[in-house]
Every structure is written in structure tokens, then in C-alpha cells.
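Quick note, the sequence shown lines up with residues 2 to 287 if you use the working numbering.
Beta carbons are placed, not taken as given, at the ideal position from N, Cα and C, and that holds for glycine.
As C-alpha cells, the structure follows; a few thoughts come after it.
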Amino acid sequence: MLNINQNQQQKYKTLSTFLLSPKFAADKVTGLFISCTLFLLAFLALLLLVNAFDSRLIDGMPVWHKPIRFGLSFVLHFITLTYLAQLVDEKYRTKYRFSFFAVAAAISLWLEFLYITIQAARGRRSHFNFETDIENYLYMAMGVGALFLVLVAFVLGIMIWKYGKKDQSGLRLGSIAGLTIGSVLTLVFAGYMSVDIPYITNRLNHTPNVVPYLGWSRISGDYKPAHFIATHMMQLLPLIGIWADRSKLKSYISPRKIVMLGIIILTLLSIFAFILAKLDIPIFPV
């Protein structure tokens, strides 16, 4: 019995410490994710410099805050993909099916981020902009790109479930749940936000007071907080799993139960934020 417990603890230690001393495989998918992350970091440094000298505003917020915000979010997304992809054996990770989603996500990232940046430079909206035909078409194209950026995470979650190490670690459950549930909720909230006409025509066009960088309205209900929570479940749940695997609490409660609690709390928080938006109640009122 003692040996079994020691083996189980060793599994937890191995899985939860790979973030601290990563050993990335030299395959094309991992390399692609790392390249995307480095590209974003270099671009962000440039945007931060430009932001310091440009005082223009869009929707009550400095024009460069949106590309900076999206850049930071994309960095987190691709760092997450890079690390969690290592939980899947290379022979499955590099198969053409996942490679397709990885390449599609990378192309979507480059095109979407460049368009957001170009629109910021022009002092124009990138999202919910229907003022010209070209901007309307490009906004719809961004929707397709965003779909691939989310789908790659969902597919990776399924691959960890099917092909990852079958153990009881919190990291495994947190990774699977974060990537799949987070992806589904992200698509649901984003989809609803994009078809809510009163939200697009009234609330978005009358938002002079927003939370800095986040762009959440402080005078009306906004779907972006719900979308934010759902999207970052992809990072939060794996991190909760890592913490649970390393915490002394695992002597009293299993890491999987801690992760399950995190799943419930974050899911309810995102739904609560969505309901507030439906009721036209700002999450951080003035």
C-alpha cells in the first residue's frame, strides 16, 4: 500500500512540475506554437512603445489598448497550447488531424492580430464594425479565425483525454475540462454576443466609460466579462490542477475534487456574468 501511494505521489510530482522545468519536444506542432508565442511577445513590445506616444481613443479607451489586450490573451493561449500539448504523446500530437487545427489556428492568429492592429492604427473598430463592406467582410472572416483559435484548444483537450496519461492527477482533469468546457462556453457567449442586435447597436455604440484595458462597459450590461472568464478557464483550470497536485491538501481531499470545485465555480461565475449582461447590469458599475 505504501508503494502505491509513493507511486501515485510521484505521478503528481512529475505532471505538476513539468511547467517549472519544461522539456519541449522538437516536433513541428510544438515549434509552431512556440513561434507564435515569440511573434506575439515581439509584437507586444512594439505596441507598448507606440501606445506611450498615441493618445487617441476608441469607445472611451486608448486605441492601442485593444491590440495589447488581445496580444496578451493570445500569448496566454499559445503558451497554454505549447505546455499542454506535451501531455499527449508525439505520435498523436503530430498526426495530420491535430496538425491541421494547429496550422489553421496559427494562420488565424497572424491574420486576426494584424487586422486588429491595423484598425487600431486607423482609429477604427475591428470588432462589430459594419460601416463599410470591406470591414463587414473582414469582421466575418475574423469570426472564422476565432473559431479555429478555439477549436484547436477543444481538440487538444479531447486528445489529452484519449491519448494522455491515464491517471488521477488534477492537471489531467484541469487540462481536459479547461480546454473543452472553456472552449464550449467561449463559443456560446461569443456567438450570442455577435447576434444580440440591441447589444451591438445600442450598448456598444454608447460606451464612453469602460474598465481600462479590458474594455468592459461600466454603464450597461456587457457580455465580455462572461466571455473573458470562459476563455481563461483554459489557463485557470490546469493551474488549479497543478496547485492541487502539489498542495498538502491532497492528503485530505483528492486533486480531482479540488479541480471539480474549480470547474463548478468558474462555470457558475461565467453564467452569472452572462445573466448580468442579459439584464443590462454592468459588472463594475460607475
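Nearest candidate by alpha-carbon position, reference residue i, set the options
i    : options                   : result
T31  : P63, L172 and K92         : K92
L169 : K258, D55 and M143        : Looking at the sequence itself, residue 169 is Gln, so the reference to Leu does not match. Out of K258, D55 and M143, K258 has the C-alpha closest to the C-alpha of Q169.
I282 : S218, Y140 and I35        : S218
A227 : R247, L188, P199 and T38  : L188
L280 : I266, G222, S271 and L238 : G222
Y214 : N52, L240, K24 and G192   : N52
V260 : L240, S271, L269 and K249 : L240
I266 : L238, Q87, F149 and M141  : L238
S255 : G144, F190, L47 and R173  : R173
L262 : L186, K249, G175 and I220 : G175
L115 : Y140, F25 and K167        : Y140
L48  : L150, T38, A86 and L73    : L73
H161 : L88, L270 and Y224        : Strictly speaking, residue 161 in this sequence is Ile, with His absent from that position. It is L88.
T268 : P199, I243, A178 and G242 : A178
F40  : V76, S56, K29 and D60     : V76
G192 : R247, V151 and G216       : V151
G216 : F285, M143 and T133       : F285
D60  : V211, L50 and G242        : V211
G158 : D134, K251 and L85        : L85
I117 : D134, D90, A147 and D28   : A147
D90  : V104, D28, T133 and I198  : D28
I119 : N203, D197 and E136       : E136
I198 : Y97, F131, K166 and K167  : F131
V153 : A142, Y253, S36 and V104  : V104
CB-CB length for residue i against residue j, believed under 8 Å
i    : j    : result
V156 : F102 : 5 Å
A106 : G171 : Not confirmed; about 26 Å, so no contact.
F34  : T83  : 4 Å
T69  : L42  : Reading off the sequence shown, one finds Ile at residue 69, where the question assumed Thr. Actually they are not in contact, since the Cβ atoms of I69 and L42 sit about 12 Å apart, beyond 8 Å.
F190 : Y164 : Rounded, the Cβ-Cβ distance is 29 Å, inconsistent with contact.
T38  : F99  : The Cβ separation is near 18 Å, so there is no contact.
T81  : M235 : 6 Å
I220 : V287 : 6 Å
L186 : S271 : 6 Å
I201 : F129 : 5 Å
Start-to-end residues for the alpha helix (DSSP H) that takes in residue i
i    : result
W162 : D134 to Y164
I69  : H66 to L85
P283 : No alpha helix (DSSP H) holds P283; DSSP gives it neither H nor E.
G192 : G171 to V196
L48  : K29 to N52
I117 : Y97 to R123
P239 : K225 to R247
Y93  : E91 to R94
In DSSP terms, what residue i is bridged to
i    : result
P63  : L58
V211 : S218
beta-carbon residue i near the ligand MG non-hydrogen atom, thresh 7 Å
i    : result
Q120 : In terms of ligand content, the structure shown is empty, and the ligand MG therefore cannot be addressed.
Three CB pairs or more closer than 8 Å across the segment 102-112 and the segment 172-183: no
Measuring CB atoms only, is the segment 262-281 touching the segment 219-237, in the sense that at least three cross pairs come out at less than 8 Å? Using a C-beta cut-off of 8 Å, the segment 262-281 makes contact with the segment 219-237, since at least three inter-stretch Cβ pairs fall below that distance.
Check whether the segment 122-129 and the segment 59-76 touch, using three or more Cβ-Cβ pairs below 8 Å as the test. yes
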